[in-house]
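Undergrad:
Residue numbers (the numbering used here), protein chains in the order written: chain A, 1 to 356; chain B, 1 to 483.
In structure tokens form, the structure reads like this:
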């Protein structure tokens, strides 16, 4: 345990410590549930990283939307905007990208795919924009408005796949499939991993650079860390920065949806997102809002989900345990943070303060 | 007079928050059956003193007696049980609940049922006995502020409070409501109960209280009956200008340069429609320190922000230079981001105007230069602002705002919470800024401090700014609007 305490003192260590604790706790529960832990662990391993197929088509394929949407959440949280509506923004992006793609079946891929992605981003930004305007004009808490908008988006998709966007035979509640030219290309022959994963990694690097090295990124951080000081000492237009970060977050989440439909599902249907928008919150928190760490956290959670499916299939252990791990990781990170704040308040110097 | 004659007595109480001394051996005696006004400027320690009396805080040193018995409150529940009630400046009410429900909140007993009729009867009974009448079924959110305050008092009376502490009760009331409250308090003490009124309104306190005590910098500096005390003496005790002969006149030959900041007929109204600034015209010139004084809420808060370009007035002309440094009173809220490093806090200065990429190496060098030049004690430029002591935080803020030779500097209570050494360092910084030609405007709630450094004085009263001689008596009169 002292090892964990020492580990938790560093930034990245806190996340690692929380993850280890969560895994340990779930291991105990799995054993207590009468399952063969060795069998379960093997299945989890095989399902996530055990073979090239499980790694590329399992883990990384699932990590792709988690990374992109995780970035969306990280950008918003950095600015102090508690956007928990990434799920709805993702759905808005997915629906709009499909609509755009279906209407451009005859166009060459180098035109239709970028148009689909941009349409998805615009739709995500617009969906977030509703909550952003409500916040700016009327002071509506974004936690509530974005959460409510998630449900509206969900039912909006239900309507679209049974109404205006339903496939031509009108039998299944889904859209027609995108033309081959309107899909994101696969990057490894024989696997389903598509160009979206590369885009996600590049995007994370760009976001990291933006937050760390540009004036706009610095404004986002100061507004999130101390809005009053940003306005008074920095003369930052706080409302505008918050609004911009909110829209950027929505655009990223919308892109996540667009990438998912153009890279994986090729069509819109109701279960298109198994809660990526919510898991992305866990991803962002585990990464402590650092865009580069979002890549690692996204792949970790992607691996858990892929492995969880394998665990259920091969070892009969419910994949719900994976959700428990995810939730415990978030609680662990928050608890470690809180403990550190309390330790700081008790006057334990973290940076070797020199009294004057 | 024996101790038993005191309803409440705090002796030698000391309370420290981190490195800030809020109370420094304060003494406070309240005679039973009197209305006692506790006066002092913002930050003098009034609220802390009363929170000790009410058991919300525990003293580091000193004794608390209530009803002639030494008390060691573990929490405010103990104080309530001993018959003390407190009405906080910010009401502690549940807006969505009714009057009766709010009064019943905090009743003991986990499984005792809540009976709306019993609760309503209790509110009516208190109304009949004390004259504080409220509809038990009214929703708190629908009540005007004055009625909400009445409810706070009813809440205390419902727990049989014999000693009532009110923290700045008239701050939110209209003058008619204030008069109503005062006459009720008078009848309350006539029945043998005791009331303590925390306020900074000198004239009202002297008019209605049986006794007054003045707190300044955590000590009781004056205590007595209103008729024995001159208004100006009370003001002087509050803001500290007892020794008129110590006042320094402006150094001979201090010639002010060109006008740097100029306000013409500036006016301003806050969100509630209250006039904060009325027709204010003033200038701040290069190479001078303009001292600003004002009793809390006289408009100086807004005036400083207009001078610093942080607030746009509703009307009037404002001429400001391109570069203005601003050192606000609440440095951990408005000047620094505690969770960020000193480098980032230096870069914060340009956060609003910066374009493109941020050159962190240049900010790092500038932060290093600032901590060296202004003698900021820290382990390095990458330590968090929160890791610095208050004095070093303030030196860093001042250094940051003076960096790059600004044309003007506006400072608000720059020595708040600092020890003597840090205070003198900060004042020396302001003097050297003046020497280098910066136009300085400085507000301090400590009159000694402003008078010791200012070349000219401007006193705020009721939103107006008046030129006043740099002299304690004249300033004290102007603070009351008597000039």
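Just so it is clear, CB atoms sit at the ideal spot from N, CA and C, and this is done for glycine as well.
(1) Under 9 Å, do residue 288 of chain B and residue 133 of chain B count as touching if we go by C-beta distance?
(2) The alpha helix (DSSP H) with residue 264 of chain B in it runs from where to where?
(3) So, for residue 36 of chain B: in the same chain, excluding its five sequence neighbours on each side, which residues have a beta-carbon less than 8 Å away from its beta-carbon?
(4) So with CB distances below 8 Å, who are the chain A contacts of residue 337 of chain B?
(5) Inspect the CB distances between the segment 212 to 231 of chain A and the segment 336 to 345 of chain B and report whether three or more fall short of 8 Å.
(6) Just tell me which of B:240, B:357 and B:215 has its CA closest to the CA of residue 450 of chain B.
(7) Tell me which same chain residues have a C-beta within less than 6 Å of the C-beta of residue 268 of chain B, skipping the five on either side of it?
(8) Under 9 Å between the Cβ atoms of residue 120 of chain A and residue 258 of chain A?
(9) Does the segment 34 to 54 of chain A come close enough to the segment 63 to 73 of chain A to have 3 or more Cβ pairs within less than 8 Å?
(10) In this structure, what does DSSP give as the bridge partners for residue 282 of chain B?
(11) How long is the line joining the alpha carbons of residue 147 of chain B and residue 71 of chain B, rounded to whole angstroms?
(12) Mind checking residue 405 of chain B: buried by the 16 CB within 10 Å criterion, or exposed?
(13) What does the alpha-carbon distance come out to for the pair residue 153 of chain A and residue 91 of chain A?
(14) Provide the residue(s) that pair with residue 9 of chain B in DSSP beta bridges, ordered along the chain.
(15) In whole angstroms, what separates the C-alpha of residue 361 of chain B from that of residue 374 of chain B?
(16) Less than 9 Å between CB atoms is the rule here; does residue 218 of chain A satisfy it with respect to chain B?
(17) Using 10 angstroms around the beta-carbon of residue 168 of chain A, count the other beta-carbons present and answer buried if the total reaches 16, otherwise exposed.
(18) Which whole-angstrom value describes the C-beta separation of residue 124 of chain B and residue 136 of chain B, a residue pair presumed to lie in contact below a C-beta threshold of 8 Å?
(19) Classify residue 391 of chain B as buried or exposed, calling it buried when 16 or more other Cβ atoms lie within 10 Å of its own Cβ.
(20) Shortest alpha-carbon distance to residue 357 of chain A belongs to which of A:199, A:179 and A:317?
(21) Can you tell me where the alpha helix (DSSP H) with residue 379 of chain B in it begins and where it stops?
(22) Considering only the alpha carbon of each residue, which of B:202, B:126, B:344 and B:369 lies closest to residue 358 of chain B?
(23) Spell out whether any CB of chain A is found under 9 Å from the CB atom of residue 326 of chain B.
(24) Would you call the segment 294 to 309 of chain A and the segment 28 to 39 of chain A touching, i.e. three or more CB-CB distances under 8 Å?
(25) In the DSSP assignment, the alpha helix (DSSP H) including residue 214 of chain A goes from what residue to what residue?
(26) Tell me whether the beta-carbon of residue 298 of chain B lies closer than 9 Å to the beta-carbon of residue 463 of chain B.
(27) In chain B, what lies closer than 8 Å to residue 237 of chain A by C-beta?
(28) Report the rounded CA-to-CA distance for residue 468 of chain B versus residue 225 of chain B, giving the unit in angstroms.
(29) Tell me whether the segment 428 to 448 of chain B and the segment 256 to 263 of chain B touch, counting them as touching only if at least three CB pairs, one residue from each stretch, are closer than 8 Å.
(30) Please list the partners that residue 334 of chain B has in chain A, where partner means a Cβ-to-Cβ separation under 7 Å.
(31) Measure the C-alpha to C-alpha separation of residue 473 of chain B and residue 330 of chain B and round it to an integer number of angstroms.
(32) By the criterion of Cβ-Cβ separation under 8 Å, what are the contact partners of residue 213 of chain A in chain B?
(33) For residue 136 of chain B, is the beta carbon positioned less than 8 Å from some heavy atom of the ligand ATP?
(34) Under DSSP, the beta strand (DSSP E) around residue 443 of chain B begins and ends at which residues?
(35) Compare the beta carbon distance of residue 154 of chain B and residue 99 of chain B with 9 Å and say whether it is the shorter of the two.
(36) Give me the Cβ distance between residue 366 of chain B and residue 412 of chain B, rounded to the nearest whole Å; I'm assuming they're in contact under 8 Å.
TA: Considering the structure as presented:
(1) no
(2) Not the alpha helix (DSSP H): residue 264 of chain B falls in the beta strand (DSSP E), residues 259 to 269.
(3) 30, 194, 195, 196, 197, 209, 210, 211, 212 and 213
(4) 222, 225, 226, 229 and 230
(5) yes
(6) B:240
(7) 276, 277, 302, 313 and 314
(8) yes
(9) no
(10) B:263
(11) 33 Å
(12) exposed
(13) 6 Å
(14) B:29 and B:65
(15) 20 Å
(16) yes
(17) exposed
(18) 6 Å
(19) buried
(20) The requested residue 357 of chain A is not part of the displayed model; chain A covers only 1 to 356.
(21) From DSSP, residue 379 of chain B is part of no alpha helix (DSSP H); its letter is neither H nor E.
(22) B:344
(23) yes
(24) no
(25) No alpha helix (DSSP H) contains residue 214 of chain A, which DSSP labels as neither H nor E.
(26) yes
(27) 352
(28) 30 Å
(29) yes
(30) 228, 229, 232 and 233
(31) 29 Å
(32) 357, 358 and 360
(33) The model depicted lacks the ligand ATP and carries no ligand whatsoever.
(34) 439 to 443
(35) yes
(36) Incorrect: roughly 24 Å between the Cβ atoms, too far for contact.
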